[in-house]
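Just so you know, the sequences run in chain order A and B.
Each residue of the first sequence is one higher than the one before, starting from 3 at the first, in the numbering used here.
Each residue of the second sequence is one higher than the one before, starting from 14 at the first, in the numbering used here.
We put the beta carbon where it would ideally sit given N, CA and C, even for glycine.
Input: a single structure, listed below in structure tokens.
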Amino acid sequence: MIASVIAGILIAGAIAAFALAWRPAIATIEPPAPQSFDAALVKRGRDLAAIGNCNDCHTVRGGKAFAGGFPVPTPFGTIYSSNITPDAETGIGRWSEAAFRRAMRSGVDRDGQHLYPTFPYDHFTNVTDADDQALYAYLMTRQPVHAPAHENQLSFPLDQRLVIAGWKLLFLRHGSYRPDNTQSAEWNRGAYLVEGLAHCGACHTPRNALGAERASAQFAGGDVENWHAYAINAQSPAPVPWDADALFAYLRDGWHPDHGVARGPMAQVVSNLSEVPQSDIRAIATYMAAVFGAPTADRKRRGEAVLAQAKSPAAQASQVDAAGASIYAATCATCHEAGRPLPYGGVNLALSTAISSPDPRNAANIVLSGVRPVEGERSPIMPGFASSMNDGQISALLNYLRARFSNQPAWTGVEKTVEDARRTQTVFLLTSPGPRDAPADATQRDKP
Amino acid sequence: MIALKVNGLYHEIDADPDTPLLYVLRDEIKLNAAKFGCGLGQCGSCTVMVDGKAVLSCVTPLLLLEGKQVTTLEGLGTIEAPAPIQRAFMEEQAAQCGYCIAGMMMRAQALLQRNSKPTDDEIRAELEPHLCRCGTHMRILRAVHRASRLMDTADASPTVHGRAQ
């Protein structure tokens, strides 16, 4: 029913937009030689691509970088990312810079087809010509990979790209980013990156029934790839309020002693950010600290109380789930209350945003899957408990953690959340083809 | 006393409910195949099966195991009558120092029970939590493929406990 209403609106929008919908193809070019790009420009493009987190969606886990094919689940169906390597047949090898810029700015591919807004051009439209040029230089100097596009799994009429023109008419605002002269240069740099290339709102802003970000609820928290992206404005559920210094450290290092470790989809974001110039991370932190806003005196006091609680043995909650308490004491406390500092010790769960969040989803995901070490880096670790705890045990544990370590009301529907999390966790494991950089033919190497 | 079912047999265990399964297996029941490696669930050498799924026994307290069935490497086969996974690891000479191998075999067994013909990539992804310092990874991969083939043949039926429960 809702789907048909949505479909109706989109069809109406599409018809209204028909005259405006058509876009011409942009002529193909001979794939430019990698040497034809300036090395400094390519380097700048690399940093920008890291800020844009491009590799996250445009690379299948374990697959070749930027070759696309990553399935993005949406309420409307599954959309597969495209191949943005310079392969002439299946990638963007024959795209001119103008074609690339048009895709970034307007969500139209070289052929003139409208692209689905899973590609966040509602943010990328804010990227400057100079930055698009650098991104183009970077992508056109990557290893070409022959990888044909996957067919999207969308039902009629959403499989008709014309309807996207209607969506754009409603939701795509060109040039929506304007520098604010009353703010510092650093704030403005941060705003430009956050609202544009870094597209933070794509996950952290809730979406409306048509899949567009709700402007009235910017950064109020969203759902993405079976994780909850926390509110990163005044509604932030973090037990300790964020400030610019904490954001800077967290975005650069992937963890902060008062907040814990980035994981889920955010893990890839901070991994990419670890390689970009610190001035840009500082700018993002400055702008985002302003978005969070200065905490009220009361909020600040509660944050300090939580920090003090985390440093001393915590008091038991009054209403304790006995089964959950035993599981926590036997399974979790050895790391989470060992006093070993982050990132190798477990965070005291009084500081955990996952436990204070209105949605138990992230906590369930972490108990099931743990935190995997990052290949080739010293990184935080936690074993997953999917095989050793059943849904009832995990639910009891989560209810206990909520009661003991947060000041928030009990979660509802925890058992259902755990069931869902277990099901999608299985899907995630099945879609990981294997560790990165595995040789194509593994059995060849150690033959005598 | 806690009742624990290991390799098809009930054991009455006199231990605190927060005792890790690994300690009980090694110290109380004297099943020494599962090894203590890191104690943090990060190396895989303590892996056993619980209800057919690979579990890190060093971070699994007894209280999680009520009503569940534990299978260790001893439950798959014996020296005289090794299970397919054990035969395969021997025939591929997949062990060097051998410390990781019991855990590797248990997770590989759990994989083969739900997917009898895993691809190379699936085996790699499955065994990723396991560390091997000797570097016999390629032989381990071959051994899992061999076990998959052995399980197809008539003479490779499992011998003692574990597989068909």
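Non-local beta-carbon contacts of A/Ser381 in its own chain, meaning distances under 6 Å to residues more than five positions away in sequence, involve Pro375 in chain order. Residue pairing from DSSP places B/Glu25 in a beta bridge opposite B/Ala16. Within the DSSP secondary-structure output, A/Glu99 pairs in no beta bridge.
One thing to note: A/Lys313 has its Cβ no nearer than 8 Å to the Cβ of A/Pro243.
In the assembly as shown, B/Leu22 is an exposed residue. Its beta-carbon has fewer than 16 other beta-carbons within 10 Å.
In the structure shown, the three-state DSSP call for B/Leu75 is helix. Taking a beta-carbon distance threshold of 8 Å, B/Asp40 does not count as an interface residue toward chain A. Excluding the 5 residues flanking it on each side, A/Phe72 has same chain C-beta neighbours closer than 6 Å at Cys59, Val62 and Ser83, in chain order.
With distances taken between CA atoms, B/Gln82 lies nearest to B/Gly65 out of B/Gly65, B/Pro30, B/Leu76 and B/Glu104. Annotation: the continuous beta strand (DSSP E) that includes B/Met62 extends over Thr60 to Val63.
Rounded to whole angstroms, the separation of the alpha carbons of A/Leu117 and A/Arg96 is 18 Å. Exclusion of the five residues before and after A/Leu195 leaves Ile53, Asp282, Ala285 and Ile286 as the residues of its chain whose Cβ lies within less than 7 Å of its Cβ. Under the DSSP assignment, A/His338 falls in the alpha helix (DSSP H) whose first and last residues are Ala335 to His338. Taking a cut-off of 8 Å on C-beta distances, the stretch 232 to 240 of chain A does not touch the stretch 322 to 331 of chain A, as fewer than three cross pairs fall below it. Exposed is the label assigned to A/Ile4, since fewer than 16 other Cβ atoms lie within 10 Å of its Cβ. At a C-beta separation below 7 Å, A/Ile368 has no neighbours in chain B, since its nearest C-beta there lies roughly 14 Å away. In this structure, A/Gly213 sits near A/Pro77, with a CB-CB distance shorter than 8 Å. Interface with chain B (8 Å Cβ-Cβ cutoff): A/Ala332 is included.
Looking from the CA of A/Phe221, the closest CA among A/Gly109, A/Ala200 and A/Ala204 belongs to A/Ala204.
Among the residues of the stretch 393 to 410 of chain A, those with a Cβ less than 8 Å away from any Cβ of chain B are Gln395, in the order of the chain.
Put simply, the stretch 28 to 38 of chain B does not touch the stretch 344 to 359 of chain A. Fewer than three CB pairs are less than 8 Å apart. A distance below 8 Å between beta-carbons, with the five flanking residues on each side excluded, links A/Tyr179 to the following residues of its chain, in chain order: Asn128, Ala193, Tyr194, Glu197 and Gly198. When the Cα atoms are used, B/Tyr36 and A/Leu403 turn out to be separated by approximately 27 Å. The C-beta of B/Thr85 comes no closer than 8 Å to any C-beta of chain A. Look at A/Pro73: its C-beta is not under 8 Å from any C-beta on chain B. Beta-bridge analysis with DSSP links A/Ile81 to A/Val74. Beyond the five residues adjoining it in sequence on each side, B/Ala101 comes within less than 6 Å, by CB distance, of Ala156, Arg159, Ala160 and Leu163 in the same chain, given in chain order.
In this model, A/Gln270 and A/Glu215 are separated by some 22 Å (Cα to Cα). Of all residues in the stretch 335 to 350 of chain A, none is placed with a Cβ closer than 7 Å to any Cβ belonging to chain B.
Counting only the Cα atoms, B/Ala28 lies some 33 Å from B/Arg127. Closest in alpha carbon position to A/Arg103, among A/Thr92, A/Leu172, A/Tyr123 and A/Cys334, is A/Tyr123. For B/Asp27, no CB of chain A lies under 8 Å from its own CB, so it is not counted at the interface with that chain. Only buried fits B/Leu89, as 16 or more other CB atoms lie within 10 angstroms of its CB. Contact annotation: the stretch 91 to 98 of chain B does not touch the stretch 55 to 70 of chain B, with fewer than three C-beta pairs closer than 8 Å.
For A/Gln155, the secondary structure class from DSSP, reduced to helix, strand or coil, is strand.
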